[in-house]
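Student: A single structure is presented below for examination.
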Amino acid sequence: MRKEIRFSGFGGQGVILMGHIFGEAGVLDGKDATLTKSYGPEARGGACSSDVIISDDRVRYPQVRYPDVLISMSQESLNTYSPELDPEGTLIIDTSLVDEPERECFGVPATQIAEEEIGIRQTANIVMLGYFTATCAFVSKSSMKEAVEKLVPEGTEEKNLEAFDLGYEEGKE
């Protein structure tokens with residue numbers, strides 16, 4: 003298995019952290035993973051993405067060319083990156099912030115769930131990771147939870163694991 007995933011959104015949504023967590027989970031599952039990131043000069047609000055390649059074999063070229071999966075947490079990121087999505091690829095959007103595109107996609111109101119269920123908007127990225135884990139199953143749930151617990155800011159682990167579980171349950175429905 004070799005999958006190319008692009009996590010996208012705007013600065014401040016934790017898009018880079020999403021890629022880091024997913025890559026770490028892949029490594030915990032015994033896979034090879036690479037991470038590249040891109041963001042504009044703005045610290046908050048500018049477009050950003052993190053690209054992860056995960057493979058059973060060694061990843062020899064770390065650049066995502068045509069993502070197998072595009073996760074869009076903002077309308078701008080969908081507009082920017084969707085033309086690069088493989089025609090057979092999977093699109094996942096945060097329906098709280100992104101309008102349904104013309105192409106088939108999966109969607110979860112990650113930001114709404116984070117605000118209403120967790121009470122912390124900044125956990126929307128982790129809700130999305132839970133949803134992604136359930137719908138695509140590229141890495142194990144246990145490895146994702148371990149990576150979340152390891153990489154989120156200290157003191158936020160419990161809320162982030164709760165956010166992950168909420169997203170995972172949404173993906174299972």
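For the sequence shown, counting from 1, position 72 maps to 74 in this note's numbering; every step adds exactly one.
Idealized CB from N, CA, C, for every residue including glycine.
Keep in mind that this is a model prediction, so the values were computed, not measured.
1. For Glu106, which of helix, strand or coil comes out of DSSP?
2. By DSSP, does Ser98 sit in helix, in strand, or in coil?
3. Out of Leu99, Gly109 and Glu78, which one is the CA nearest neighbour of Glu93?
4. In the DSSP assignment, the beta strand (DSSP E) including Leu72 goes from what residue to what residue?
5. Tell whether a beta-carbon distance below 7 Å holds between Val61 and Asp31.
6. So the candidates are Gly157, Lys161, Ser84 and Arg105; which of them puts its Cα closest to the Cα of Tyr132?
7. With which residues is Gly11 paired in a DSSP beta bridge?
8. Grab the span of the alpha helix (DSSP H) containing Tyr63 for me, first residue to last.
Tutor: The answer reads as follows:
1. coil
2. coil
3. The question names Glu, but residue 93 is Leu in the sequence shown. Ranking Leu99, Gly109 and Glu78 by Cα distance to Leu93 puts Gly109 first.
4. Val71 to Ser74
5. no
6. Residue 132 is actually Gly in this sequence, not Tyr. Out of Gly157, Lys161, Ser84 and Arg105, Lys161 has the C-alpha closest to the C-alpha of Gly132.
7. Cys50
8. It is not in any alpha helix (DSSP H) - Tyr63 carries neither H nor E in the DSSP assignment.
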